[in-house]
Amino acid sequence: MLAPQPFEDPLGRALVVNLGIEGGLQVWVASDTIVVLGFACVGMSIGQMIRLRLSPAAFSIRLFAALLFLDLYLVACSVV
9 MLAPQPFEDP LGRALVVNLG IEGGLQVWVA SDTIVVLGFA CVGMSIGQMI
59 RLRLSPAAFS IRLFAALLFL DLYLVACSVV
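Okay, so the sequence shown: first residue is 9 according to our numbering, each after it adds one.
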């Protein structure tokens with residue numbers, strides 16, 4: 009079953025209309041979102057290239073190790 013698209017869903021339309029009426033849809037917000045989306049796409053492309061060069065087992069070990077270090081960093085930052 010496919011997920012409904014934002015404009016096919018009545019709640020999605022209502023959210024867009026309310027954001028437009030209340031001034032929540034501003035150009036500066038959209039430009040920041042587009043820039044961050046571009047960085048995310050670049051990161052996914054780099055990850056895809058790395059994944060294609062490594063065996064699935066080696067990629068999984070490196071991915072989970074990186075996630076573990078990220079989690080430890082976040083915990084350390086929240087404690088301090």
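The beta carbon of each residue, even a glycine, is placed where N, CA and C say it ideally should be.
Quick check on DSSP: helix, strand or coil for residue i?
| i | result |
| --- | --- |
| F31 | Residue identity differs from the one stated: residue 31 is Gly in this sequence, not Phe. Three-state result, G31: coil. |
| S68 | helix |
| V43 | helix |
| S63 | coil |
| V88 | coil |
Who are the near neighbours of residue i in its chain, counting only those whose CB is closer than 7 Å to its CB and skipping five residues on each side?
| i | result |
| --- | --- |
| F77 | none |
Beta-carbon within less than 8 Å of residue i's beta-carbon, same chain only, minus the 5 sequence neighbours each way: which residues are those?
| i | result |
| --- | --- |
| Q56 | none |
Looking only at its own chain, which residues have a Cβ that is under 6 Å from the Cβ of residue i, when we skip the five neighbours before and after it?
| i | result |
| --- | --- |
| S39 | none |
If I'm right that residue i touches residue j with Cβ under 8 Å, what's the distance once you round it to whole angstroms?
| i | j | result |
| --- | --- | --- |
| F1 | R59 | There is no way to answer for residue 1, as the model of the chain reaches only from 9 to 88. |
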